[in-house]
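Residue numbers (the numbering used here): -5 to 488.
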RNA sequence: CGGGGCGUGGCGCAGUCCGGUAGCGCACCUGCUUUGGGAGCAGGGGGCCGCAGGUUCGAAUCCUGUCACCCCGACCA
């Protein structure tokens, strides 16, 4: 391991650089040999697995089942829904051949020109088309509905510029795809799932979010309505953290998914889709980290408690580790994951720094003085506060501390987020707040795409959402001065 | 696809202008001393200098070509 871990520069100077360094140094992920693609390292993947498990439980609890659909999608499927192809065409990886051969001149391996595919295959950027092509065979009657499927998969979007976790050419996600009998039922489903996401992000990741509708301009390609959760990062930029779409009958019609209705007629199925991705890892990192490294919510930390011995000589080490093992048994009995760091090739100070960098929530240090006194030193990662406590009842103390941290990390993020929401009523103020403070801006908007785009062109700020809880309020558009009936949420974003 | 930058042990870099046969820090290995906040000393291993040509007695260095990657735009969330 490296002393180079030491220099996490101040976050204010260059937040992007700082973020990238942190992701790499904390051992979460790194760039791969493949352009724009990411290697998720074991520690990062362990966090992702915890997220997956929690989300999967929530999906099951809301009646969904997992399934799996193909990686490749015939090109023609994309032509079925005009908006959809428009939205994804520019970033698709295309498979054109199915065989390699040795180059005739011996220079290596080349694509066999005789092995050209009749129809090109697209590596899925999202799976609506292949799934609805399949649903056509599954749905004949209203009795077949609803269909509530989710798949855990990888997708590819050939982005020009990538950033670890936030935007990679290939990413891991889940995508739910449901089919319903009525418009109302589908809308209810889409709204239910955005609430599931908000629940997960707030209660597991400790990241507060604002739920709302996307504007027509920011809507998913092929959707009638898109719901989003928007989080705020510590540099004042917003991050779209999850979306849920009401797709109307667009895909039902595009793939001719008709069913016999209760009253003897025929109708097209109503659709939703919803997804969250490894981008959530980026949100987790950028929402809580400090200059010492990651701060992980206890519920998502692969290791919740690390124990570091302070010792001279093998005998002392042996005694301390024996004590630690007894404590570990008690902690594990409470479902707490524990690691005893008894490495003898690095010093304790190095271990402290390393575990802080990796965001381990609680550290227990035991040295000869503690051993004699029956105490330990306890430190919590979020506040870096240390206290000396008795070994008696340590399992209760640590369990309570982990619970408290889960709440406290969220509260801290919430206070920051709330302090970064500014109500703005003039164009001058809008630009000034955006440049000097950042964060979310609540302002009136005249509801037109022209104004939305003009604002984006001038300031790079976009409408993140029209919050569900935005109260009715008469006002004038901050840009055009035309009448508006509620405030919408603006921000610069990732 | 425009504009800029870079390619040298695992990582980060110096050396390139002005050619002389490769160096520094970290990491790694061995030993001793250390251990309550990122250890010290000593010794050691590892690089056809992105690739291909050319100039030259001699090329990391000069010339030509080529391939990567990074940053800023455009694209995208």
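Glycine residues also receive a C-beta, built at the ideal position from the N, C-alpha and C atoms. These numbers were taken from a predicted model, which means no experiment stands behind them.
Which ranges does the beta strand (DSSP E) cover as unbroken runs of at least 3 residues, wholly within the stretch 258 to 337, from first to last along the chain?
-> 260 to 262, 264 to 271, 299 to 303, 332 to 334
(request) May I ask you to list the residues that DSSP assigns as paired with residue 397? (result) By one-based count along the first chain, residue 397 stands at place 403. In the DSSP secondary-structure assignment, residue 397 is not bridged to any residue.
### Task
Buried or exposed for residue 208, please, with buried defined as at least 16 other CB atoms from any protein chain shown within 10 angstroms of its CB.
Numbered from 1 along the first chain, position 214 holds the residue referred to as residue 208. Burial call: buried.
* Asked: Between the stretch 254 to 270 and the stretch 284 to 296, do at least 3 Cβ pairs fall closer than 8 angstroms?
  -> Pairwise C-beta distances place the stretch 254 to 270 out of contact with the stretch 284 to 296, as fewer than three of them are shorter than 8 angstroms.
- Which residue comes first and which comes last in the alpha helix (DSSP H) that contains residue 126? The residue you call residue 126 lines up with position 132 of the first chain. Start and end: 122 to 132.
- Query: Along the chain, where does the alpha helix (DSSP H) that runs through residue 456 open and close?
  - Reply: As a working mapping, residue 456 is identified with position 462 in the first chain. Premise fails: residue 456 lies in the beta strand (DSSP E), 456 to 461, not in any alpha helix (DSSP H).
Exercise. Would DSSP call residue 146 helix, strand or coil?
Worked result: Within the first chain, the letter at position 152 stands for residue 146. Strand at residue 146.
Exercise for review: Please confirm whether residue 202 and residue 124 have their CB atoms less than 8 angstroms apart.
Suggested key: Counting from one through the first chain, the residue named residue 202 turns up at place 208. Counting from one through the first chain, the residue named residue 124 turns up at place 130. Contact: no.
>> If you follow the beta strand (DSSP E) that residue 341 is in, where does it begin and where does it stop?
In response: Position 347 of the first chain, counted from the start, is the residue given in the question as residue 341. Run containing residue 341: none; DSSP gives neither H nor E here.
Taking 7 angstroms as the cut-off, is the C-beta of residue 113 nearer than that to any heavy atom in the ligand GDP? The ligand content of the structure shown is nil, which means the ligand GDP is not present either.
(request) Out of 486, 327, 15, 361, point me to the one whose CA is closest to residue 342's CA. (result) Here residue 342 refers to the residue found at position 348 of the first chain. Checking every option, the nearest Cα to that of residue 342 belongs to 361.
Closest residue to residue 56 among 484, 323, 217, 186 (Cα-Cα distance)
Looking up residue 56 in the first chain gives position 62. The residue with the shortest Cα to Cα distance from residue 56 is 186.
Buried versus exposed call for residue 443 [16 or more other C-beta atoms within 10 Å across all chains shown] | As a first step, residue 443 must be located in the first chain, where it is residue number 449. By the neighbour-count rule (16 or more Cβ atoms within 10 Å), residue 443 is not buried but exposed.
Problem - Backbone secondary structure at residue 112 - three-state DSSP - result: As a working mapping, residue 112 is identified with position 118 in the first chain. If DSSP states are grouped into helix, strand and coil, residue 112 belongs with the strands.
| message | Using only the alpha-carbon positions, how far apart do residue 269 and residue 110 sit? | response | Start at 1 with the first residue of the first chain, and residue 269 comes out as number 275. Start at 1 with the first residue of the first chain, and residue 110 comes out as number 116. Straight-line Cα distance between these residues: approximately 34 angstroms.
Notebook entry, point to check: Using 8 angstroms as the Cβ pair cut-off and three pairs as the minimum, do the stretch 173 to 190 and the stretch 235 to 252 touch?
Noted result: yes
Inset, instruction - Measure the C-alpha to C-alpha separation of residue 173 and residue 456 and round it to an integer number of angstroms. - result: Position 179 of the first chain, counted from the start, is the residue given in the question as residue 173. Position 462 of the first chain, counted from the start, is the residue given in the question as residue 456. Cα-Cα distance, rounded: 31 angstroms.
For this session: Starting from residue 438, follow the beta strand (DSSP E) in both directions and report where the run begins and ends.
Result: Locating residue 438 in the first chain gives position 444, counting from the first residue. Segment 434 to 438, the beta strand (DSSP E) holding residue 438.
(Q) I believe residue 415 touches residue 434 by the beta-carbon criterion, under 8 angstroms. Please report the beta-carbon distance rounded to the nearest angstrom. (A) For the purposes of this step, residue 415 is taken as residue 421 along the first chain, with counting starting at 1. For the purposes of this step, residue 434 is taken as residue 440 along the first chain, with counting starting at 1. Confirmed, Cβ separation roughly 5 angstroms.
Look at the Cβ atom of residue 286, then the Cβ atom of residue 351, and state whether they are nearer than 8 angstroms.
-> Residue mapping note: residue 286 aligns to position 292 of the first chain, counting from 1. Residue mapping note: residue 351 aligns to position 357 of the first chain, counting from 1. Going by C-beta atoms, residue 286 is nearer than 8 angstroms to residue 351.
| request: State yes or no: is the C-beta of residue 358 within less than 8 angstroms of the C-beta of residue 376? | output: Your numbering for residue 358 matches position 364 in the first chain. Your numbering for residue 376 matches position 382 in the first chain. For residue 358 and residue 376, no; Cβs fall outside 8 angstroms.
### Task
Can you give me the Cβ contacts of residue 8 inside the same chain, cut-off strictly under 6 angstroms, excluding the 5 residues immediately before and after it?
The sequence position of residue 8 within the first chain is 14, counting from 1. Correct list: empty, nothing qualifies.
- Query: Quick one: Cα of residue 143 to Cα of residue 70, how far?
  - Reply: One-based indexing of the first chain puts residue 143 at position 149. One-based indexing of the first chain puts residue 70 at position 76. Approximately 24 angstroms between the Cα atoms of the pair.
- Message: Does residue 168 pass the burial test, meaning 16 or more other C-beta atoms within 10 Å, or should it be called exposed?
- Response: Here residue 168 refers to the residue found at position 174 when the first chain is read from its first residue. Classification of residue 168: buried, given that the 10 Å Cβ count is 16 or more.
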